[in-house]
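Asker: Line by line, the protein sequences are chains A and B.
Okay, so the first sequence: first residue is 92 according to my numbering, each after it adds one.
Okay, so the second sequence: first residue is 9 according to my numbering, each after it adds one.
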Amino acid sequence: MVAKKLNLKDKYRALTRDLDWDYDYSDRKKAFPYEEFEGIKITDWSKWEDPFRLTMDAYWKYQAEKEKKLYAIFDAFSQNNGHLNVTDARYVNAIKVFLTGVSPLEYQAFQGYAHVGRQFGGAGARVACQMQSIDELRHVQTQVHAMSHYNKFFDGFQDWTHMHDRVWYLSVPKSFFDDARSAGPFEFLIAISFSFEYVLTNLLFVPFMSGAAHNGDMATCTFGFSAQSDEARHMTLGLEIIKFLLEQHEDNVPIVQKWIDKWFWRGTRLLAIVAMMMDYMLPNKVMSWKEAWEVYFEDAGGALFKDLARYGIRMPKFVETTAKEKEHISHQAWWIFYTHGHAAGFHTWIPSDEELDWLSEKYPDTFDKYYRPRWELAKEMEARGERFYTKALPQLCTTCQIPMGFTEMDNPTQIAYRSSDYEGEKYHFCSDGCKHIFDQEPEKYVQSWLPVHQIYQGNCGGANVEEVLRDYYKMNLGEDNMDFKGSSDEKRWNEWKRKGVA
Amino acid sequence: MSKVYLALQDNDDSRYIVEAIIEDNQEATVINQPAMIRIESTGELVVRRSTVEEKIGRDWDVQELHLSLITLGGNVDEDEDQLRLSWNV
Ligand SMILES: [Fe+2]
Ligand SMILES: [Fe+2]
Ligand SMILES: [Zn+2]
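1. DSSP puts K535/A in a beta bridge; with which residues?
2. Scan the region 323-344 of chain A for residues whose Cβ lies nearer than 9 Å to a Cβ of chain B and list them as they occur along the chain.
3. May I have the straight-line CA-CA distance separating Q199/A from P264/A, to the nearest angstrom?
4. Compile a chain-ordered list of the residues in the region 385-418 of chain A whose CB is closer than 8 Å to at least one CB of chain B.
5. In whole angstroms, what separates the C-alpha of G515/A from that of V537/A?
6. So is L97/A buried or exposed if we call it buried at 16+ other beta carbons inside 10 Å?
7. Since K517/A sits in a beta bridge, which residues does DSSP pair it with?
8. Step through the CB atoms of chain B and report whether any lies within less than 8 Å of the CB of S286/A.
9. For M254/A and V38/B, what's the separation of their Cα atoms in angstroms?
10. Where E532/A and D390/A are concerned, what is the direct C-alpha to C-alpha distance, given to the nearest angstrom?
11. Straight-line CA distance for E558/A to G552/A?
12. Considering only residues of the region 263-295 of chain A, which uninterrupted alpha helix (DSSP H) runs meet the minimum length of 4 residues and lie entirely inside it, listed in chain order?
13. How would you call R108/A, buried or exposed, if buried means at least 16 neighbouring beta carbons within 10 angstroms?
14. Check whether the Cβ of S510/A sits closer than 7 Å to any heavy atom of ligand 3, and report yes or no.
15. Between V377/A and chain B, is there a C-beta pair that is closer than 8 Å?
16. Going along chain B in order, which residues have a C-beta closer than 8 Å to the C-beta of F168/A?
17. How far does the alpha helix (DSSP H) with Q505/A in it extend, from its first residue to its last?
18. Using a Cβ-Cβ distance cut-off of 8 Å, determine whether N40/B contacts chain A.
19. Taking only the alpha-carbon atoms, compute the straight-line gap between S22/B and Y241/A and give it to the nearest angstrom.
20. For K11/B, decide whether its Cβ has a neighbour in chain A, counting only Cβ atoms nearer than 8 Å.
21. For the alpha helix (DSSP H) that contains Q232/A, what are its first and last residues?
22. Looking only at C-alpha atoms, which of F123/A, N585/A, L110/A sits nearest to V207/A?
23. Flag this pair as yes or no: are the beta carbons of W356/A and S421/A separated by less than 8 Å?
24. Output needed in chain order: residues of the region 143-170 of chain A with a Cβ under 8 Å from some Cβ in chain B.
25. Can you look up K11/B in the DSSP assignment and give me helix, strand or coil?
26. So which residues of chain A does E88/B contact, with C-beta pairs closer than 7 Å?
27. Output the boundary residues of the beta strand (DSSP E) element that contains D85/B.
Written out as structure tokens, the structure is:
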């Protein structure tokens with residue numbers, strides 16, 4: 092007799108309940124040593140439910156199908172010399188930022204979920220974390236494969252893992268994940284599953300990847316969307332986790348709120364890099380950073396926080412600051428990189444006149460008043476043969492590690508400085524948000540590995556900036572860095588186009 | 009009332025899924041962007057297996073949605089017959 096086919100709910104129950112076991116000869120607390128020290132109270136793990144109820148067989152089946160589709164596109168892309176079909180070679184610099192700044196975070200996510208997937212007492216949570224861990228490994232692998240094609244033709248792709256661990260601006264994303272992974276398992280989930288995946292990754296993967304397609308880069312668009320198809324599941328998990336924690340015990344509410352406040356602000360600072368990628372590094376524009384922020388944070392996040400209000404959760408702290416920052420942050424971030432372009436592992440440039448007009452149109456209240464005059468000045472200087480590079484090393488924010496170049500939002504001509512004293516030392520911050528985070532856990536952030544401090548302390552080899560960039564960061568000076576104008580990338584690109592290579 | 013949404017890769021399967029969604033959700037708005045399709049609605053959004061099967065002309069498992077899904081917003085409730093997105097407001 093053929094057994095009756097199990098339905099989705101029964102299959103999921105068999106996987107997440109019936110495969111779990113009781114601890115009779117060893118101490119349960121010793122098996123899950125990290126479960127209690129953050130103060131989170133779990134009364135009933137069986138209430139944890141994955142709304143997609145994905146079982147292992149379905150997981151492997153659909154993931155395999157995604158991979159097949161994705162690799163068919165990678166093959167077509169490289170067989171067709173897809174790199175020649177992007178809008179212009181400046182675009183490829185956004186992909187360099189992605190490979191050095193974002194792909195290693197996928198690997199960190201893989202490690203992070205593998206760790207917490209071992210640490211939770213509930214089998215449902217362990218299964219969900221295990222699947223997510225494998226997903227994240229898939230993301231880093233597919234991204235490396237997709238971008239290896241560009242490595243054959245453009246500078247700056249050669250040493251991305253080495254660079255991620257050392258280069259000054261890459262410490263921004265690296266320290267974000269280091270911070271999350273060195274926290275307890277529940278904070279890690281709020282940091283990554285909820286704040287990062289649910290609230291913020293849409294801003295990276297959705298409009299930016301749509302932008303990649305709009306710039307002729309089907310390989311990137313497709314790995315982005317393929318990864319994001321897993322993210323849709325990760326996001327749902329992020330939302331379920333927060334509801335689960337809030338429903339388990341009322342004492343969890345203030346702890347969770349504190350983590351939301353912290354990780355929302357950490358995330359918005361990390362996204363400053365994405366903001367500049369969208370507004371300045373995509374030659375064909377899809378939407379401005381400000382518009383993306385409105386759709387994917389203000390509307391989508393607004394709906395989410397209204398939904399969570401019934402648990403006593405409010406909007407994250409400093410959210411009113413982000414409503415002002417959306418008008419400024421991409422312009423200020425690109426200016427930081429433009430003026431430090433000699434020390435970046437990718438090329439920077441002055442926006443074209445057409446792009447300046449687009450920015451004026453998209454930012455009517457701020458661009459012409461504060462930012463366009465800077466670019467006009469930069470153009471004049473460049474025309475005189477004096478392309479501007481700053482000589483000084485920047486002071487970094489101790490929390491987010493971004494150079495202190497962001498301004499007061501109510502006075503965009505004044506750089507914002509905040510500081511705190513801790514055990515006789517002074518620490519500097521870019522914003523109230525970053526200062527607040529430090530003040531909550533100073534004993535953690537005093538240990539920050541701040542690249543500029545490390546250079547001055549002599550820990551990065553070399554007596555001058557050039558030696559640090561060349562020997563410690565392993566940048567090919569004169570090839571990877573400096574302005575796009577006059578770069579080898581530009582020369583090769585023009586040569587390919589002139590020859591009509593297709 | 010808050011909006012729920014989902015976004016799909018602009019591919020062959022998605023065309024039928026979108027047709028089915030429009031038929032089952034009169035309020036839904038469809039927005040086409042490069043390489044993707046975003047569908048949003050106030051209150052709730054349902055993807056029904058039977059309607060998708062009718063449009064696509066073959067058996068279709070609700071979990072197949074994962075192959076084309078890019079992102080979504082709202083609480084998810086899924087079983088063999090449908091996926092429903094909603095906010096509790
Ligand atoms: Fe990922
Ligand atoms: Fe993820
Ligand atoms: Zn900061």
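Ideal Cβ positions, reconstructed from N, Cα and C, are used throughout, including at glycine.
Answerer: Quick answer:
1. Its beta-bridge partners do not exist; DSSP assigns none.
2. A323, R324, M326, T327, L330, E331, K334
3. 10 Å
4. D390, A391, G393, A394, L395, K397, D398, R401
5. 12 Å
6. exposed
7. D512/A
8. no
9. 42 Å
10. 31 Å
11. 7 Å
12. 276-279
13. exposed
14. no
15. yes
16. Chain B residues near F168/A: none, gap ~14 Å exceeds 8 Å.
17. It is not in any alpha helix (DSSP H) - Q505/A instead sits in the beta strand (DSSP E) that spans 502-506.
18. no
19. 30 Å
20. yes
21. 214-242
22. F123/A
23. no
24. F143, R144, L145, A149, Y153, E156, K157, K160
25. strand
26. N98, L99
27. 83-86
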